[in-house]
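UniProt numbering puts the first residue of the sequence shown at 1, with every later residue one more than the last.
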Amino acid sequence: MLVLTRKLKEAIQIGDDIEVVVLAIDGDQVKLGIRAPKHIDVHRKEIYLAIQAENNAASLASITSLQQLSDQLKKGGKKQ
1 MLVLTRKLKE AIQIGDDIEV VVLAIDGDQV KLGIRAPKHI DVHRKEIYLA
51 IQAENNAASL ASITSLQQLS DQLKKGGKKQ
């Protein structure tokens, strides 16, 4: 992990396309501004993890549904 110290209105550049700017500091809270291309998703970590969990759950549900359909087709389409 790279650790950097920045003051108010100072920035960090990530690659050619992403800039993180310190917009405000209020006690133990820091407000950051992030400039990134529209095709790059930027989320708070807890939101990103929730999205990943939802995507994984949806994938598992799809796999289960496909497996059930496959089983039905192997049995000649007859439901039990």
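Note that CB positions come from ideal geometry on N, CA and C, so glycine has one too.
Taking the Cα of H39 as reference, the smallest distance to any Cα among D17, Y48, G27, A58 is reached at D17. If only complete runs of 3 or more residues are kept, the region 26-53 shows the beta strand (DSSP E) at 29-35, in order along the chain. Here DSSP, grouped into helix, strand and coil, assigns L73 to helix.
Per DSSP, reduced to three states, the secondary structure at L60 is helical.
DSSP places L23 in the strand class (E or B) of the three-state scheme.
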